[in-house]
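The next block holds one structure in the form of structure tokens; read it before the comments.
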Amino acid sequence: MNKIALGVTSSISIYKAADIIRLFQKEDLAVQVIMTERATNFIQPEFFTALSGQPAVVRLFDQKQRPIEHITLASEVSLLVIAPATANIIAKLASGLADDFLSTFYLAVKSPVLIAPAMNEAMFLHPQTQANIKKLKDLGVVFVEPESGYLACGQKGSGRLASPEKIVQLGLRLIRQQPVFKDKLIVVTAGPTREALDPVRFLSNRSSGKMGYELAREAYERGAEVVLISGPVELRPPAGVKVERVISSEDMRQAVLKYYDQASVVIMSAAVSDFRFSQAGREKIKKENLPSAVRLEKTPDILEELGRLKRGQLLVGFAAETSEAKARAREKMEKKKLDLIVVNDVSQQDIGFESDDNEVWLLWPDGRERLISKTTKRKVSQEILTEIGAMFNGRKGNN
Ligand code: PMT
């Protein structure tokens with residue numbers, strides 16, 4: 150099913166529902182908006198009808214609807230999101246009241262339900278509201294915690310609707326999660342590292358982090374717990390993912406090792422610098438004292454160390470090559486005891502570093518290989534995660 154229902158209620162943050170619709174549509178999901186009567190005091194149904202391309206529903210038993218629309222629609226959607234959700238709708242759902250389309254629909258729907266509250270802080274923290282939320286959580290309803298900030302009442306506090314990105318990301322996870330990723334920790338590294346010469350200058354690698362961020366997002370959507378260990382990049386991390394920011398290869402090494410014991414999978418898509426300065430000055434080197442030569446040394450090879458310490462984790466490495474790509478990648482796979490290596494040709498301008506697209510070969514220790522022809526890094530990530538899922542579901546790795 151690729152339709153979701155979006156319930157909107159009478160909160161000042163109702164305008165954010167427009168972004169929620171757009172983000173779901175970007176994922177090829179049709180959105181059916183259901184409004185409460187009071188929500189129409191803020192925005193007319195025509196607004197949501199135009200945005201979603203489907204008539205927004207407000208009343209039960211409207212003549213324009215199909216007969217028993219709430220039951221028919223309930224069998225068509227894969228998710229019910231209520232955002233923004235007022236204290237009133239939460240109380241109604243918690244007590245099983247069914248006196249309008251949205252509350253009746255909630256009782257009819259069998260899909261997962263996601264609620265994003267938005268209200269004044271005192272109302273949100275009121276023991277009655279909290280008891281209602283707990284009751285719904287116990288029934289399996291998932292909540293997106295509201296954020297702190299300025300509220301419509303002019304006060305600062307908790308109760309602001311979570312960001313549309315966060316709501317949609319969690320919604321997608323509820324639809325797309327797969328049992329094989331449940332309770333699994335996936336560690337993804339992304340971006341470059343920076344090796345300091347002094348507090349101002351550094352040695353680094355090309356990398357925007359796009360490949361790694363897409364992998365982290367995809368792993369989260371499939372239901373894994375995700376830690377994204379990121380070098381310095383300009384990207385906004387995917388919602389729901391735990392982010393550890395690092396600078397140098399040594400920082401990255403320590404961050405990966407911190408999670409390694411609990412991890413089921415480590416995906417090293419970071420462009421870790423292979424070299425660093427043998428000596429890094431604490432003071433900025435003055436122009437007049439510019440050294441005629443600087444000494445370099447190798448950085449620790451994080452993946453090689455993970456290969457040595459491996460206790461059942463799946464290790465996925467990347468290989469950034471410019472020639473003899475597959476042969477070199479196979480050497481790396483063997484040396485680092487990898488279960489899968491993803492090879493990209495970084496001499497091409499339209500794939501690899503910084504581009505939104507990539508073309509990769511996947512190589513396995515048993516000699517199997519697969520080409521993923523040029524496509525978006527999003528799609529490449531989906532294919533890689535599908536292969537990782539299949540490896541968990543039975544195939545042997547390099548243990
Ligand atoms: O970030 P983007 O702009 O989206 O670009 C994506 C990418 C091209 C950076 C990515 O697809 C990629 O190829 N990442 C790996 C880059 C790299 O460092 O490749 P390598 O062949 O030098 O290293 C092999 C593997 O060892 C990699 O998994 C690397 O993370 C790891 N490594 C390398 C050096 C080191 N000291 N420790 C490591 O663990």
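The numbering of the sequence shown is the numbering used here, which starts it at 150 and goes up by one. Glycine included, every Cβ here is placed at the ideal spot set by N, Cα and C.
For residue i, three-class secondary structure by DSSP
i      : result
GLN327 : coil
LYS259 : coil
GLN462 : coil
THR221 : helix
PHE351 : strand
ASP168 : helix
VAL291 : strand
GLY186 : Per the sequence shown, the amino acid found at residue 186 is Glu instead of Gly. The answer is coil: DSSP assigns GLU186 none of H, G, I, E or B.
PHE426 : strand
PHE467 : strand
VAL414 : strand
ASP486 : Looking at the sequence itself, residue 486 is Lys, so the reference to Asp does not match. Three-state result, LYS486: coil.
GLN181 : strand
VAL375 : strand
ALA420 : strand
GLU432 : coil
GLU176 : coil
VAL382 : coil
LEU321 : helix
GLU520 : Sequence inspection shows Leu at residue 520; the Glu mentioned does not correspond to that position. LEU520 falls in the strand class under three-state DSSP.
Residue i - containing beta strand (DSSP E), residue span
i      : result
PRO266 : 262–266
LYS305 : 305–309
CYS233 : It is worth fixing the name first, because residue 233 is Pro in this sequence and not Cys. Its beta strand (DSSP E) spans residues 228–234.
GLY298 : 296–299
ALA154 : 152–157
LYS391 : 391–394
ALA345 : 343–345
LYS447 : 445–447
GLU270 : Counting along the chain, GLU270 falls outside any beta strand (DSSP E), though it belongs to the alpha helix (DSSP H) covering 270–274.
GLU508 : 506–512
Start-to-end residues for the alpha helix (DSSP H) that takes in residue i
i      : result
ASP249 : Run containing ASP249: none; DSSP gives neither H nor E here.
THR535 : 526–541
THR338 : Premise fails: THR338 lies in the beta strand (DSSP E), 334–339, not in any alpha helix (DSSP H).
PHE197 : 194–201
LYS359 : 359–370
LEU406 : 398–409
Check whether residue i and residue j have beta carbons under 8 Å apart
i      : j      : result
ASP488 : VAL509 : no
GLY358 : GLY340 : yes
TYR408 : LEU458 : no
VAL258 : ALA223 : yes
VAL207 : GLU225 : no
SER201 : GLN181 : yes
ILE324 : MET401 : no
VAL337 : SER418 : yes
PHE330 : GLY372 : yes
THR448 : PHE467 : no
SER322 : GLU374 : Checking the sequence, you will find Arg at residue 322 rather than Ser. No, the Cβ-Cβ distance between ARG322 and GLU374 is not below 8 Å.
ARG355 : ALA420 : yes
GLY501 : ALA469 : yes
SER551 : SER353 : The structure shown does not extend to residue 551, since the chain spans only 150 to 548, so no value can be given for it.
ASP494 : THR524 : no
ILE282 : ILE169 : no
LEU155 : ALA166 : yes
GLN318 : GLY389 : yes
Residue i burial status per 10 Å Cβ neighbour count (16 or more: buried)
i      : result
ILE100 : Since the first residue shown for the chain is 150 and the last is 548, residue 100 is missing from the structure and cannot be characterised.
GLU483 : exposed
ARG460 : exposed
ARG385 : exposed
PRO440 : exposed
ARG309 : buried
ALA442 : exposed
ALA476 : exposed
LEU406 : exposed
GLN462 : buried
THR278 : buried
SER162 : buried
CB contact below 8 Å: residue i versus chain C
i      : result
LYS391 : Among the chains of the structure shown, chain C does not appear; only one protein chain is present.
- Message: Pairs of beta-carbons, one from the stretch 288–299 and one from the stretch 179–193, closer than 8 Å: are there three or more?
- Response: no
- Are three or more beta carbon pairs between the stretch 247–255 and the stretch 346–366 nearer than 8 Å? no
- Item | Stretch pair the stretch 527–539 + the stretch 354–369: three plus CB contacts closer than 8 Å | yes
- Message: Measuring CB atoms only, is the stretch 262–278 touching the stretch 236–244, in the sense that at least three cross pairs come out at less than 8 Å?
- Response: yes
- Are the stretch 379–397 and the stretch 510–526 in contact at 8 Å, needing three or more beta carbon pairs? no
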